[in-house]
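In the UniProt record's numbering, the protein residues as written are 1 to 472.
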DNA sequence: CATGCATTCGC
DNA sequence: CGAATGCAT
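What follows is the structure, encoded as structure tokens:
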């Protein structure tokens with residue numbers, strides 16, 4: 001038999017390593033709850049993980065098999081489990097992010113020491129790092145060139161799910177009873193603040209099919225409007241692997257065929273472009289693992305971050321007095337998810353207006369986002385901070401007031417997340433930082449005063465970045 | 001408000 | 001080869 005080690009591929013359908021192994025021998029699926037990995041987790045993410053595990057276990061049990069859930073260090077658990085069951089091979093799907101890549105190297109070494117065969121394949125993205133590259137060098141650092149090649153390259157079909165016959169019969173295995181999926185508190189985590197949508201196969205398929213039959217056709221026009229609900233919301237499923245990238249792409253092909261007009265077709269392509277962004281960032285991190293903590297493109301001298309603890313606390317709490325910033329920061333806590341335009345805008349506010357080191361923002365996202373991916377979040381934060389691979393110019397600073405007016409004209413998104421402003425008219429909300437203090441107190445006595453003046457802070461930020469550029 | 005990246009052009 | 005071009009969530 002072959003051991004399939006599940007990691008960020010919590011599904012039986014469209015799972016490449018699983019499908020390949022199934023052709024060779026009976027499968028024993030296993031997931032390892034590794035304390036060294038859990039150290040970097042957070043309540044909301046562990047809650048998602050446990051839900052997805054329970055769902056996957058049920059999927060296997062429906063097929064007369066089971067998912068073994070083992071606690072311990074993967075480098076010990078995987079070889080010993082393979083040896084105990086006399087497995088011919090251990091297979092898994094690649095994870096290119098820093099910590100996982102290190103762990104996998106250690107597991108490979110341990111397996112080799114035991115003389116156990118192993119194999120890993122690319123599954124979480126269409127084109128693996130190194131496969132899309134410029135004429136010279138191993139990866140692109142500018143997205144548009146990457147996109148041209150990604151878009152035109154042929155995509156694989158979804159991988160078939162293993163049949164009942166291909167799965168090891170684990171129905172009576174005492175191991176299954178001996179390794180119940182632990183609870184959040186058993187793993188030492190508090191209940192999360194957020195209550196994110198279900199991380200299950202049914203929820204993932206439902207989301208994908210709903211999105212690809214309707215909203216995808218308006219995606220190009222509406223994706224930047226947080227109140228419109230036109231984004232796919234597939235990020236959490238892609239992160240945990242409750243949906244496979246090939247499944248998603250196939251639905252975009254169907255959507256393209258069914259598209260009513262040229263605008264709708266372009267909209268489908270606009271969505272694919274976002275799928276490509278995700279893969280672009282995986283490549284960037286795979287070839288630049290140090291950028292998890294280091295600036296991608298450094299300035300001549302270190303950036304003089306202000307790092308004011310009170311301002312950071314206000315940003316975290318969603319109490320900055322800038323309505324759309326606060327809406328985003330509160331959505332983060334309540335949903336474990338934030339609309340992407342708002343992610344960019346709150347990131348700009350933290351790194352530019354408040355001049356707080358992007359790593360602080362990254363850590364906060366890492367704690368609260370159910371869909372946190374090292375690759376996407378590091379790249380996103382560094383882009384916002386103008387330290388990224390394809391950084392926005394340092395002098396480009398989001399204007400939170402303009403962004404609010406432009407993308408949330410009716411203030412529906414703001415009001416949904418900032419109840420203090422529920423009864424304040426949209427035009428007042430959008431000019432909030434420019435109103436008189438008395439008027440603000442009258443309109444929304446419980447809502448905070450703006451903690452900074454954006455115009456001043458913008459100037460100061462640009463000056464700070466210029467200083468870092470010139471000296472050295 | 002710049003600059004660097006990736007490609008294509010021109011010598 | 002270097003210059004010119006197009007372009008950047």
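Positions of the beta carbon are idealized from the N, C-alpha and C atoms, including for glycine. Just so we're clear, the structure is a prediction, and the values are computed from it rather than from any experiment.
Residues of its chain near residue i, where Cβ-Cβ distance is below 7 angstroms and the 5 sequence neighbours each way are ignored
i           : result
residue 127 : 150, 153 and 279
residue 376 : 278 and 281
residue 319 : 326 and 448
residue 190 : 43
Residue i, buried or exposed, once every other Cβ within 10 Å from all chains shown has been counted against 16
i           : result
residue 290 : exposed
residue 263 : exposed
residue 466 : exposed
residue 346 : buried
residue 441 : exposed
residue 158 : buried
residue 394 : buried
residue 310 : exposed
residue 166 : buried
residue 65  : buried
residue 136 : exposed
residue 241 : buried
residue 23  : exposed
residue 252 : buried
residue 220 : buried
residue 207 : buried
residue 179 : buried
residue 8   : buried
residue 214 : exposed
Per-residue DSSP class, three states only, for residue i
i           : result
residue 2   : strand
residue 472 : Any reading at residue 472 needs caution, since the residue's pLDDT is 42, under 50, leaving its predicted position unreliable; the model's value is listed next. Of the three classes helix, strand and coil, the one that applies to residue 472 here is coil, per DSSP.
residue 418 : coil
residue 327 : helix
residue 166 : helix
residue 118 : strand
residue 182 : coil
residue 199 : coil
residue 93  : strand
residue 354 : coil
residue 77  : helix
residue 33  : strand
residue 493 : Not covered by the structure: residue 493. The range shown for the chain is 1 to 472.
residue 70  : strand
residue 312 : helix
residue 234 : coil
residue 435 : coil
residue 268 : helix
residue 424 : coil
residue 46  : helix
residue 27  : strand
residue 320 : coil
residue 61  : helix
residue 396 : coil
For residue j and residue i, believed in contact at Cβ under 8 angstroms, the rounded distance
i           : j           : result
residue 378 : residue 285 : 6 angstroms
residue 121 : residue 78  : So it is not a contact: roughly 16 angstroms between Cβ atoms.
residue 401 : residue 454 : 7 angstroms
residue 428 : residue 443 : 6 angstroms
residue 200 : residue 55  : 4 angstroms
residue 292 : residue 98  : 5 angstroms
C-beta atoms of residue i and residue j nearer than 8 angstroms
i           : j           : result
residue 452 : residue 354 : yes
residue 371 : residue 232 : no
residue 193 : residue 42  : no
residue 267 : residue 216 : yes
residue 350 : residue 315 : yes
residue 75  : residue 3   : no
residue 381 : residue 362 : yes
residue 358 : residue 389 : no
residue 260 : residue 408 : no
residue 212 : residue 255 : yes
residue 123 : residue 17  : yes
residue 417 : residue 330 : yes
residue 14  : residue 257 : no
residue 6   : residue 29  : yes
Contacting residues, own chain, Cβ-Cβ under 8 angstroms from residue i (five flanking each side not counted)
i           : result
residue 183 : 50
residue 181 : 50, 53, 54, 57 and 69
Any non-hydrogen atom of the ligand HEM within 7 angstroms of residue i CB
i           : result
residue 359 : By its list of ligands, the structure shown contains no ligand whatsoever, and the ligand HEM lies outside what it can speak to.
Sequence-distant residues of its chain with Cβ nearer than 6 angstroms to residue i (five each side left out)
i           : result
residue 472 : In this prediction, residue 472 has a pLDDT of 42, which is less than 50 and means its spatial position is unreliable; nothing more can be read from the coordinates.
residue 12  : 59 and 161
residue 410 : 426
residue 283 : 129 and 139
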